[in-house]
Every structure is written in C-alpha cells, then in structure tokens.
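Working notes, beginning with the structure itself.
Protein chains in written order, with the UniProt record's numbering: chain A, 1 to 459; chain B, 1 to 459.
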C-alpha cells in the first residue's frame, strides 16, 4: 500500500481578505479584485495547474456585528464585507478548466430547496459534474433578520430543517428522473419519456413539494457533499451525509481531537469512518529558504488588522472581545461563553494562556486554521505531520495574499508532495466525485441519499 | 434626424426548443446542448459579432400541465422541459464578450429580495455592468405549489408583491452604499467607510429588511429593467418601472394595439412614452432567395409538434385545447375563457376564424410571436415595417433552430440593417444601459428607483 493521499482544496470566498484580516493591505494582495471575472479565471488556471482537487467557496449572508456591538469594524477592515454570491463565479472558473472541482457554500435557511436543487443541477451540467455543495445552516443573526426571520431559529432546529431540506434535494436529484428518461429521439419526436419522470410527493414538517425536478439528471446527480460542523448536532449531521468534512484547528492536537470525535460518530452512525474525508485549514507561507519564509511571515503579520480579526472572532463565536485589553489573558476571564467558544484554542495546550492579542494574531494570518511557514520541503513535512498525527486527509489551503499564496503553493509545494507520492500527478476522474474517490460519478450505493434512487443499488 | 434605431435581443432559455415546439427534432438544431457550457459560449460569440444588444433569457419554474390536464405532453415534446437556471450561463457568456448584454428572467415569487439583490449585484460586477433583469411574477400553478404556496396568489396581489419587492431592491441597490463608500485604502487600512453604508430599514406589508446591502455598488447599480406585461396590472407595473418592455404579437395589427396602450399608460403615469423601449418577438427564417426561405419554412413546419404547441398554449393562457378537433374553428367555441385569451390572435383580424391547427402552426414556428420569412433584404423590409407601422423599437429574435437562426440573422440580416442605418455598426457604451440609451450607466435621475439614492439627482 502506498502512502496516504493528501487532498487539496483552495479556500476562497467572493470577497476581499477571506481568512487573513488586514492582509488585503499588502502591496501584492489582489483579493480586492474579487469583483472581476479575470481574477477568478486566473485563479482557476493556477489551481488546476497545481492539481488542486477543488476550490472551496465559503459564504456568509450577513455582516459580522458582534465585536463592539456593531458591524463597523468588519466593514472598515473589509473582513468578509462586502461579500458577493459564490455560485456565479463557478461557471467562469469551469470554462477554463477540465478537472478542478467547485465546492459551493449555500445555506439551507435562505433559498427554497426546489429552486436551489435546480441551481445545483444546472451547475453540475455546466461543469460536467464538478460541483460540490458545502451545506451550512447559517450562524449570523444579521442574515436571519434580513431575510425576515424575526428571531434566529435555534441551533438544533436549524439542523432538523437542514435534514429535511437535504431529503427534499435527494428526492429531486436522485429519485425524480430515471437514468434513461431523456431520449432526445429526433426520429420519433420524443424528448423525454414522461413515464420515467416522477413526482416526489414530499410532505414534511417544513416543506411540501408535490412535483418533479425541473432539471434532467446531471453527471453527479447529487453534488459532492461538503460539511463543516464542530458542534454535536453538526457532527451527527456531517457523519450522516457528508463526503468531505472541513474543520479548522489552530494546532495538530486540536485537530486530532476533532478528527477522533468525527470518526467515532461516523462509526456509530454505521458509516465507514474512513469514507469521510476530513480536511483542515492551513495557510502556507512559503520561502526559498527558511529565513525568507520567516521574513515573509513577519512582514505579513505587520498587515494584520486586530480589529478585523476580532470582528471575525465575534461572528464565529458570538463573543465580543472589544472590552478586553490586548494583553489580557483569557484564561482569567470569568466568562463561560468565552471559555467554551475558545475550546479550539485551549484544546491546543490546556496550560497555555491565550491573550486577546495572541488570538488576534493567530486569526490574522490563517483565520480559524493555522499558518505553516517554511521552505517547500518544510511545508510538505509539516503537512505530512498533520496527516499522520492528526489523522486528517487533506487541507483547505487558505491564502495570506491572493493569488500569491495559491501560486506559490501550486508551483513549489505541490511538486514536492507529488514527488513524495502524496498528491497524484494527474487528475484521475472526470467528475469531482470520481476524482476524489475513484468510485464513479454518483453517490455510493449505501449513502442515505441513494435510497430515493429508482435504480436498484447493488450494495 | 436619422432613422429610428432597431434594438435587437436574442431570445433564449436554458432549455431545449424554446419557442418553436418540436423543432428540436430538426437535424441542424442543437438546442438540446443547452446543458453544455460550450453551447452558450459559442452563442455569445455569434451574438456579439452580430451586434445584438443583449440576449434575453426566459425562464419558468414549473412544467406546462394545462393541456390534457397533464404535464406529459410538455415533457414528451421537450416544450420548455427540462429547464435549467438562467443566471448561471451569464458568467460563461460574459467571459467571451465585451459588450453583449444579458437580460435574465427572475420571478419575485421565488427568492427573497435580500439574497436576490446580491445575486444581481454579483452578476453586474462580473459582467462589468451588462446585466438586465426581466421581472416576472410567475404564472404557472405547478411552480407555486412546489415552492409551498398552497394556492397561487391572485394575479393582482402578485403585482403588489412585485412592487414592494422592487422597492426593496431599489433601496439595496441605490440607497445602501454611497458611491464613495469603498476606499480600498491600503495605506490607512480602510476598505470601506462604515459611515457611508446605510441600513435600508425596510418595513412593508410583505418584507422586513433592517440591514444594509451585502455587495458594494456595481457599475449599473440597478440592472436594466425588462418587463413583459400584457394584462392591465402588468402594463401599469411595466410603465412605472421598466426600461425595456417585451411583447408578443402574431401580427403587426396586434402589436400596434398593445404598443398604443403601453405608451398611453406610460404618459398617464408621467413617464416619457418614448423612454420605454418596446420589443416584439420575431422568428426569422432566412434564405438566399425567397424560394429557399419558403422551402426552409416549409421544412421547419414539418417538424412542428402540435402537442408541444398546445402544451405551451395551455400554460400561457390556462386554456386546454385537448378536447377540440384540429380543424375546429375557435370562433364557434362557446367558451369565454378561450375567447378572451385568444385576444392577441383575434385582434389580428376580427373576422378571421382561427382553427386549433392554425394556432398550433403559428406557435410551432415562432411561439407567441410571428415568423418572418424571406431573403435578408425582405426580412429587413419586414422588420422596418413593424418598426414604422406597429411603433415597436426592436425585436426579441427567437430561434427556429439554434444556433442556426441566430447565426443566419447575425451574418446576413444585421449587415443589411446596419447598411440602412437601423442598427449601429459598433457598440456605443460599455454597460448595457449606456449601450441601449447612451445616457450613462445608471438609472436616469427621474426613474422611481433613483428616489432612494443618497446622491442628489439633477433632474
């Protein structure tokens, strides 16, 4: 058996300065060009040349407004604000690539599953089967308010809604149109055999959809399912459905802890724990020499916006650190909310005292993930260590500066990982799912989504 | 003063056989390739080379199921079924063009205005200001049911919802972010000045949106507003907001009637009647000689699917013609619903008796519009006649076969129209609005949408 393969996603968002708040001020950063199609086209070419498996597009439908009780910090620092729609850059990127996959974030709270299912089928057709869906339930209160939800739905109920939403999508994607429904029979004038198109007759607690799917079957039918979920409900949702799970952890120890939990839950849910691929977030800072890399890292740190970092932290955790001094150590803060939301930081080393400044700095280059700094070989060493020690399967590569970080990683680190047998030299499948798992284009027969399929599945 | 300019839209839809049911069986038709990005990329190149102003993408969110009380006919004949999302082909087409505009159909019943406004701003950014929005209120019962509306909202109330929906969009697009809000000031670390981003505080009958727009201002802010509306409420909505109105009429007389009404209503609403550009639908059948064109037309007619045509007719009018003989004349049908919905046909010539077959044939090549058949010069003559006699400003060019019809029109008819001074030789603006009206990128100062602008408008 060869070495464990490393999966690589590029982590992006249709906004400025995705995970490294303030680094948009770096002279080489071009993430403020997110509005231009040219930016996305160039990025797609870089990533496919670098044999990334996919680009993972994050999204929020609100502005981070916990810090200091206001959205001003996020807006001023460009901390994921303004933010554009992620779906619409996918056709651009797919037009100049043949293999790169696209994981698109879309919340189950914000669009009806009937229209959403058509959007994803359309994308899967246009990309010839290269689409993934990062299922989120949305966590920003400002988003809930703006789409008319008087108060935000409780965390647990959001997962119940998500489960039914997913069921509706499965029925539309897997169960509505049979494989051979569409004939395009010009001779006999039959485009589709209506007997092979089925109403889904869904009547649930949250949705009622009597009809059939609007789109004909796309190459993957159900897009590859991505999920990020650190909470208990989130984990159980993830292990039940997701094919790729994304975590963020500032250290190997913290990641190890989450990976262990996820695989245990997967086993309990009756899934093969290794079938779920777990990717953690990493921001590489690459130099030709170690000194060069460290100098670069130091230079990047000068561009960190503490205000932007704490605005992001507030949105992610619900905790407002505006009232604390930068050098205040959070271990001593008598605040249970902070204690529990800092879990992923404190898990690192229970004895370590994180100051507000240290948290801001950690987020500043690499967000909720970690920065790895060094030569291409050192970065490769470090990634291999994460794979072996924490048990993750790969990485969401976030950028410090864009597209610079992606370009450096693709040019210098990927060849080393390929040399070491960790990353395949060529793409192996045509669809995203086949490329990732080499077991065909569609959901595996035993996946919960396949139970709605009209085709008898050999298990 | 020169001759009246002719505006040209290509009329398309993300489906097979858009307006000419059954013609997808023609050996040269490639509309079944709507699923492939290559189809849209090729089409965009043809249209920009042919100096079309825009491509107008229609949409439905349901299946035509009035005919024979079933959706089977529409599905079997591929009559606008299956149908994919229209927005997602726009980035593809914009990536290979610089001037072509994109009118995208989106219903106000099916997505929350807060998320929709962001989608359109995103498209306007990515296309550098080339997006139009065809505002529809949706007419298919199957669509209403599938998105959870127990019974379809009444026609009049739909227009009330549409009005408020549009108001929300105007507030987000025009009133939320000031022109100079976004600084991208790397030196001082200010991406956006939060004082120049405003909550819209919308509280209406149907929507409540406290927050600010998620996207920064796009080149046009509000996309160019398209509308099709033949009903009284539809007309009043159109004349209040639309910049481009689309009509369908089988004859010059029928079009003349509608154009007159529209301009009268516009004047009553206090708008300059000529400010609203009215486009009617035409399907050109072009030959090098008249004989060749007529032979082509005859050949096309052989491919008409009556079943498909009557399925479309049922969806458009709500009238099921399944029980009637093909040679039955509808003048004699004692059915008021048919009488009134046939208005646009009977208006042509009050003494003419339309048989079911004639209706099917008329729809068969050219849908609710008309076919014009002849040499490039004859087609140009005919279009000029429509412009002068019916008072329309231009045409939605539908296809008999795709992309063949568009290719022929672009190659052979457009040069004649350019020679005659009806179609400009070059694109004149960079944004769609500027290209159409040559008065800047954004809504004119006196347009109702501009009342939410933070900039004092010189009227």
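All residues carry an ideal CB built from backbone N, CA and C; glycine is no exception. Because the structure is a prediction, the values reported are computed rather than measured.
Go to residue i, then tell me how far its beta strand (DSSP E) extends in each direction, as first and last residue.
i              : result
residue 316(A) : Note, residue 316(A): premise wrong, no beta strand (DSSP E); alpha helix (DSSP H) at 306 to 317.
residue 371(B) : 370 to 374
residue 10(B)  : 7 to 13
residue 253(B) : Run containing residue 253(B): none in the beta strand (DSSP E); it sits in the alpha helix (DSSP H), 252 to 268.
residue 396(A) : 394 to 397
residue 153(B) : Residue 153(B) -> no beta strand (DSSP E), and no H or E assigned at all.
residue 278(A) : 277 to 286
residue 56(A)  : 54 to 58
Over the uninterrupted alpha helix (DSSP H) stretch that includes residue i, give me the two end residues.
i              : result
residue 297(B) : 290 to 302
residue 442(B) : No alpha helix (DSSP H) holds residue 442(B); DSSP gives it neither H nor E.
residue 437(B) : 432 to 437
residue 415(A) : 414 to 419
residue 45(B)  : 37 to 49
residue 357(B) : 356 to 364
Look at the alpha carbon of residue i and the alpha carbon of residue j, and state the distance between them as a whole number of angstroms.
i              : j              : result
residue 383(B) : residue 260(B) : 18 Å
residue 376(A) : residue 442(B) : 49 Å
residue 319(A) : residue 72(B)  : 55 Å
residue 274(A) : residue 137(B) : 48 Å
residue 298(A) : residue 292(A) : 10 Å
residue 93(B)  : residue 41(B)  : 5 Å
residue 333(B) : residue 354(B) : Legend: pLDDT at residue 333(B) = 46, less than 50; position of this residue unreliable, no value from coordinates given.
residue 336(B) : residue 329(B) : A caution first: residue 336(B) carries a pLDDT of 44, below 50, which makes its placement in the model too unreliable to give a value.
residue 341(B) : residue 317(B) : Below a pLDDT of 50, predicted positions are generally treated as unreliable, and residue 341(B), at 47, falls in that range; no measurement from the model is reported.
residue 396(A) : residue 242(A) : 16 Å
residue 452(A) : residue 211(A) : 15 Å
residue 339(A) : residue 145(A) : A caution first: residue 339(A) carries a pLDDT of 45, below 50, which makes its placement in the model unreliable, though a value can still be read off. Approximately 27 Å, taken between the alpha carbons.
residue 437(B) : residue 100(A) : 40 Å
residue 208(B) : residue 406(A) : 41 Å
residue 278(A) : residue 362(B) : 58 Å
residue 434(A) : residue 215(A) : 22 Å
residue 121(A) : residue 176(A) : 13 Å
residue 34(B)  : residue 43(B)  : 10 Å
residue 134(B) : residue 58(B)  : 8 Å
residue 198(A) : residue 174(A) : 11 Å
residue 156(A) : residue 97(A)  : 39 Å
residue 444(B) : residue 427(B) : 20 Å
residue 160(A) : residue 239(A) : 15 Å
residue 430(A) : residue 188(A) : 32 Å
Is the separation between the beta-carbon of residue i and that of residue j shorter than 8 Å?
i              : j              : result
residue 286(B) : residue 381(B) : no
residue 283(B) : residue 366(B) : yes
residue 118(A) : residue 201(B) : no
residue 421(A) : residue 50(A)  : no
residue 47(A)  : residue 132(A) : no
residue 305(B) : residue 19(B)  : no
residue 172(B) : residue 112(B) : no
residue 401(A) : residue 38(A)  : no
residue 257(A) : residue 184(B) : no
residue 466(A) : residue 276(A) : A query on residue 466(A) cannot be resolved here, the shown segment of chain A reaching from 1 to 459 and no further.
residue 300(B) : residue 125(B) : no
residue 308(A) : residue 21(A)  : yes
residue 147(A) : residue 114(B) : yes
residue 104(B) : residue 315(B) : no
residue 219(B) : residue 302(B) : no
residue 255(B) : residue 280(B) : yes
Determine, for residue i, whether the minimum Cβ-Cβ distance to residues of chain D falls below 8 Å.
i              : result
residue 211(B) : Given the protein chain composition of this structure (A and B), no chain D is represented.
Do three or more CB pairs link the stretch 54 to 65 of chain B to the stretch 173 to 185 of chain A at distances below 8 Å? By the criterion of at least three beta-carbon pairs nearer than 8 Å, the stretch 54 to 65 of chain B is not in contact with the stretch 173 to 185 of chain A.
What residue ranges within the stretch 88 to 130 of chain A form continuous beta strand (DSSP E) runs of no fewer than 3 residues, ordered along the chain? Listed in chain order, the beta strand (DSSP E) elements of length 3 or more contained wholly in the stretch 88 to 130 of chain A are 101 to 107.
Counting pairs of Cβ atoms below 8 Å between the stretch 75 to 84 of chain A and the stretch 447 to 455 of chain A, do you hit three or more? No, the stretch 75 to 84 of chain A does not touch the stretch 447 to 455 of chain A.
Do the stretch 85 to 104 of chain B and the stretch 12 to 31 of chain B meet, that is, are 3 or more Cβ pairs less than 8 Å apart? Touching, per the Cβ criterion.
Does the structure place the stretch 313 to 329 of chain A close enough to the stretch 401 to 418 of chain A that three or more beta carbon pairs sit under 8 Å? They do not touch, by the three-pair rule.
For the pair the stretch 97 to 109 of chain A and the stretch 157 to 175 of chain A, tell me if three or more CB-CB distances fall below 8 Å. Verdict: yes, contact present.
Could you name each continuous alpha helix (DSSP H) segment of 4 residues or more that falls completely within the stretch 174 to 250 of chain A, going from the start of the chain to the end? Correct list: 232 to 241.
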